[in-house]
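First residue of the sequence shown: 21, per the numbering used here; consecutive thereafter.
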Amino acid sequence: MGRIAFRDLHGLVLLDKPLGLSSNQALQAARRLFRAAKGGHTGALDPLATGLLPLCFGEGTKIAGQLLGSRKAYLAECRLGTTTTTADLEGEVIAERAVPELSDTLIEAALQPFRGRIAQVPPVYSAIKQGGEALYLKARRGETVEVPAREVEIHRLELVAREGNRLVLRVECGSGTYIRSLAVDIGEALGCGAHLCSLRRLWVEPFLEPQMVTLEQIEQAAGQGDTRLLALMRPVGEGLAHLPAVPLDAVASQALSRGQRVQLDPSVAPVGRCAAYGDDGALLALAECDAQGWLRVLRGFNLPPPLPLIEAGRPPS
Numbered sequence: 021m022g023r024i025a026f027r028d029l030h031g032l033v034l035l036d037k038p039l040g041l042s043s044n045q046a047l048q049a050a051r052r053l054f055r056a057a058k059g060g061h062t063g064a065l066d067p068l069a070t071g072l073l074p075l076c077f078g079e080g081t082k083i084a085g086q087l088l089g090s091r092k093a094y095l096a097e098c099r100l101g102t103t104t105t106t107a108d109l110e111g112e113v114i115a116e117r118a119v120p121e122l123s124d125t126l127i128e129a130a131l132q133p134f135r136g137r138i139a140q141v142p143p144v145y146s147a148i149k150q151g152g153e154a155l156y157l158k159a160r161r162g163e164t165v166e167v168p169a170r171e172v173e174i175h176r177l178e179l180v181a182r183e184g185n186r187l188v189l190r191v192e193c194g195s196g197t198y199i200r201s202l203a204v205d206i207g208e209a210l211g212c213g214a215h216l217c218s219l220r221r222l223w224v225e226p227f228l229e230p231q232m233v234t235l236e237q238i239e240q241a242a243g244q245g246d247t248r249l250l251a252l253m254r255p256v257g258e259g260l261a262h263l264p265a266v267p268l269d270a271v272a273s274q275a276l277s278r279g280q281r282v283q284l285d286p287s288v289a290p291v292g293r294c295a296a297y298g299d300d301g302a303l304l305a306l307a308e309c310d311a312q313g314w315l316r317v318l319r320g321f322n323l324p325p326p327l328p329l330i331e332a333g334r335p336p337s
């Protein structure tokens, strides 16, 4: 196989990450198929997890941080009665305990304290860095690792199904939440311990009903030419669809593209983060507007002219 001729591509791909691949492995596989020169993902999924992994290419990588901090939803399956070193199926069994007779009422009582703002201790086997090194590397060497608790937010936590010693939970949470830790903590609340059996990410804000594509679909499209392949890529602006869209005239577009502040009518300007669009409909910047109507650039975009298959951004309404 010859060397891949990578190219500048700008957009987002809503990948359905397969089981068994790390997020970076999935990203690199997709990047090679698209032949994209630059790419990144927006929040890692463990190899044992599947589901939505937004991939960012080219100028799209500038909103990776915005998506990384977004609200997310998962479907998590937990096995009660067994705890493991990694809090999931990959680890060695630490302890096995009898599972008490449980009712939906008892389970609901155990779930209630984990809703809202909670303190959570991340897993020892995680990519969190301590002293410049990932915790899982220290843990694999057998070092004692102390992980401080941190505050996370659980917006929704519901029992979806249960069969025997297995619970299926729907979790909607903020950035930085570890579902493995949540499974362990719920198991302790039920008095029997638990670990995570499977995890699927359902959505990442603003992609609440994502039309995901698989690596197999990308590979098939790549074999059918660029028309089919590039149709799988979403505009960069879709990653900012949950923010107010601010259309600008030609004068303001030029000023903002040079990094200058722009004065908007404060009576109609949205306060806070927004997506600024030029007079030609192209996405110019992730911006922020204050109460006086001053609009400033947080991240500017240098997108090429809109293409038939990949528009530069969502046209302002």
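All C-beta atoms in this analysis are idealised placements derived from N, C-alpha and C, irrespective of residue type, glycine included.
Does the Cβ-Cβ distance between L53 and E239 come in under 8 Å? yes
Who are the near neighbours of V119 in its chain, counting only those whose CB is closer than 7 Å to its CB and skipping five residues on each side? L100, G101, N185 and C212
Is the separation between the beta-carbon of T106 and that of V224 shorter than 8 Å? Not closer than 8 Å, so no.
Kindly indicate the opening and closing residues of the beta strand (DSSP E) around D36. Where D36 is concerned, the enclosing beta strand (DSSP E) starts and stops at G31 to K37.
What residue does the beta strand (DSSP E) around I114 start on, and which one ends it? The continuous beta strand (DSSP E) containing I114 extends over residues V113 to E116.
With DSSP as the reference, please indicate the residues paired to V317 in a beta bridge. Looking at the DSSP assignment, V317 forms a beta bridge with A307.
Whole angstroms is fine: what's the gap from A25's alpha carbon to E308's? 37 Å
Any idea what DSSP makes of I83, helix, strand or coil? helix
Based on Cα-Cα distance, which residue from A296, K92, L39 and C76 lies nearest to C193? Nearest Cα to C193 within the set A296, K92, L39 and C76: K92.
Is it buried or exposed for E258, if we count other Cβ within 10 angstroms and need 16 for buried? buried
Exposed unless 16 or more other CB atoms sit within 10 angstroms - verdict on Q140: buried
Expressed to the nearest angstrom, what Euclidean distance is found between the alpha-carbon atoms of L109 and K82? Their backbone Cα atoms lie some 34 Å apart in a straight line.
Looking at chain D, is there any beta carbon in it that lies within less than 8 Å of the beta carbon of I114? Although the question refers to chain D, the structure presented lacks it and comprises just one protein chain.
Taking the continuous alpha helix (DSSP H) assigned at L250, which residues delimit it? D246 to L250
Cut-off 7 Å between Cβ atoms - residues of its own chain near V233, not counting five sequence neighbours on either side: V33, L34, L35, D36 and L252
R278 and T70: beta carbons closer than 8 Å? Against a cut-off of 8 Å, the Cβ pair of T70 and R278 comes out as no contact.
Close-in-space but distant-in-sequence residues of the same chain around F321 (CB under 7 Å, 5 per side omitted): E79, K82, V256, L303, L304 and A305
Could you tell me the distance, in whole angstroms, from the CA atom of A265 to the CA atom of G59? 25 Å
Please classify E229: does DSSP put it in a helix, a strand, or coil? coil
Once DSSP output is grouped into helix, strand and coil, what is the label at T62? coil
Top-ranked residue by Cα proximity to Q132, from A115, T247 and L177: L177
Between the Cα of L73 and the Cα atoms of L39, I114 and R55, which residue gives the shortest distance? L39
C-alpha gap between P324 and G298, whole angstroms: 13 Å
Within a Cβ cutoff of 8 Å, which residues of the same chain sit near R27, ignoring the five residues on either side of it in sequence? R55, A56 and A57
Beta-carbon spacing of E97, V188 below 8 Å: yes
From A115 to P226, what does the alpha carbon distance come to, in whole angstroms? 40 Å
Selected residue, minimal CA-CA separation from R117, among R281, Q312 and G207: G207
With a 10 Å radius around its C-beta and 16 neighbouring C-beta atoms as the bar for buried, classify L87 as buried or exposed. buried
Beta-carbon proximity check, E173 vs R200, cutoff 8 Å: no
With C-beta atoms as the reference, is T125 less than 8 Å away from A214? Taking 8 Å as the cut-off, the beta carbon of T125 is found no closer than this to the beta carbon of A214.
In chain order, what residues of the same chain have a beta carbon less than 6 Å from the beta carbon of L249, not counting five sequence neighbours either side? By the criterion of a C-beta distance shorter than 6 Å, L249 is surrounded in its chain by A241 and A242, once the five residues flanking it on both sides are discounted.
Give a yes or no on whether the C-beta atoms belonging to L47 and L65 are separated by under 8 Å. no
Taking the straight line between their C-alpha atoms, what separation do you get for L228 and L222? So the alpha carbons of these two residues sit roughly 8 Å apart.
Which residues does DSSP list as the beta-bridge partners of A71? First, the amino acid is wrong: residue 71 is Gly here, not Ala. DSSP lists K37 and R221 as partners of G71.
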